Amino acid sequence: MASEKYEEGKSLAGLNNLLSRQALFLAEDNLSELQKLPKLSRQEKKKIEELGKKIEESLLAVGGVYQLSQIPLFLDLNLVKAGGQGEKLALYKKTLAVLDGKNQAAYTVSLKNKSSQIVAGGEKLEEAREIGIHGSRLYLATKEGILEVETEKQSTTLVIKRDPDWGEIVDLFAYGGNLYLLDKGKNQIWKYIKTESGFSDRKNYLNRDVQPDFQK
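Going by the working numbering, 227 is the number at position 145 of the sequence shown; the sequence numbering is gapless.
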């Protein structure tokens with residue numbers, strides 16, 4: 083029965099993924115029941131294990147999940163800075179922003195030709211935890227607040243001072259020029275709107291009647 087359901091699920095893959103998953107789950111359930119049987123021979127255990135791997139691979143494929151045995155190296159950050167490492171990443175079109183908290187540095191990397199450069203560094207990036215990017219500007223969450231890095235001029239400005247009403251900022255995202263901060267401590271997303279002179283005051287992105295739990 084397990085083999086039959088596996089073959090049925092495999093044949094339905096791409097034609098009807100919902101029915102394919104249902105058949106594969108039934109095959110998985112049948113195998114689970116088989117594994118509980120006493121006095122299974124070594125050969126039977128091996129067959130169950132082999133079929134289990136096939137079912138698992140088919141479920142991943144039907145779900146659009148593909149596993150890579152090896153992931154090729156895209157760029158060695160040691161070529162940008164000795165000891166360089168990427169702790170947080172952010173993407174804007176074909177430009178990747180990289181935060182290297184250990185070395186107190188921020189890099190940009192072109193996905194077109196892998197050209198890269200150091201755009202910010204030093205004490206200003208001390209305890210930097212999150213990074214975002216929009217256009218030619220990088221945004222970094224530090225102990226002082228939000229830093230804006232103009233990558234073309236490589237100038238750094240504190241655009242949002244640390245707010246005493248913040249809890250624990252665990253993510254930062256730049257979209258449409260605006261900034262969004264995920265506050266785990268206050269279960270809120272703070273929105274800062276881009277203006278001609280900088281950014282607006284802190285605004286609640288979520289409606290008041292929305293009470294999520296961001297603790298995890």
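We put the beta carbon where it would ideally sit given N, CA and C, even for glycine. Owing to the predicted nature of the structure, the values given are computational and were not obtained by experimental measurement.
Note down the Cα distance separating residue i from residue j, rounded to an integer number of angstroms.
i, j, result
"residue 190", "residue 203", "12 Å"
"residue 263", "residue 255", "7 Å"
"residue 153", "residue 278", "43 Å"
"residue 97", "residue 257", "37 Å"
"residue 167", "residue 114", "43 Å"
"residue 268", "residue 294", "10 Å"
"residue 112", "residue 151", "28 Å"
"residue 205", "residue 224", "10 Å"
"residue 200", "residue 280", "24 Å"
"residue 196", "residue 188", "15 Å"
"residue 298", "residue 183", "23 Å"
"residue 120", "residue 103", "29 Å"
"residue 90", "residue 246", "59 Å"
"residue 95", "residue 131", "22 Å"
"residue 296", "residue 93", "41 Å"
"residue 164", "residue 157", "13 Å"
According to DSSP, is residue i helix, strand or coil?
i, result
"residue 212", "strand"
"residue 162", "coil"
"residue 356", "Nothing can be reported for residue 356: it is not among the residues displayed for the chain, which extend from 83 to 298."
"residue 270", "strand"
"residue 281", "strand"
"residue 112", "helix"
"residue 290", "coil"
"residue 122", "coil"
"residue 151", "coil"
"residue 197", "coil"
"residue 206", "helix"
"residue 251", "strand"
"residue 228", "strand"
Taking 8 Å as the cut-off, decide whether the C-beta atoms of residue i and residue j are in contact.
i, j, result
"residue 227", "residue 240", "yes"
"residue 207", "residue 236", "no"
"residue 135", "residue 108", "no"
"residue 116", "residue 85", "no"
"residue 259", "residue 216", "yes"
"residue 155", "residue 178", "no"
"residue 219", "residue 238", "no"
"residue 222", "residue 181", "yes"
Assuming residue i contacts residue j under a Cβ cut-off of 8 Å, what Cβ separation, rounded to an integer in Å, is found between them?
i, j, result
"residue 198", "residue 231", "With a Cβ gap of about 15 Å, residue 198 and residue 231 do not count as contacting."
"residue 275", "residue 287", "Wrong, their Cβ atoms sit about 11 Å apart, outside the cutoff."
"residue 251", "residue 212", "7 Å"
Shorter than 7 Å, the distance from the beta carbon of residue i to the closest heavy atom of the ligand FAD, or not?
i, result
"residue 142", "The ligand FAD is absent from the structure shown, which contains no ligands of any kind."
For residue i, decide whether its Cβ has a neighbour in chain D, counting only Cβ atoms nearer than 8 Å.
i, result
"residue 248", "The chain labelled as chain D is not found in the depicted structure, where only one protein chain is given."
Tell me, please, whether the stretch 166–175 touches the stretch 136–151 by the rule of three or more beta-carbon pairs shorter than 8 Å. no
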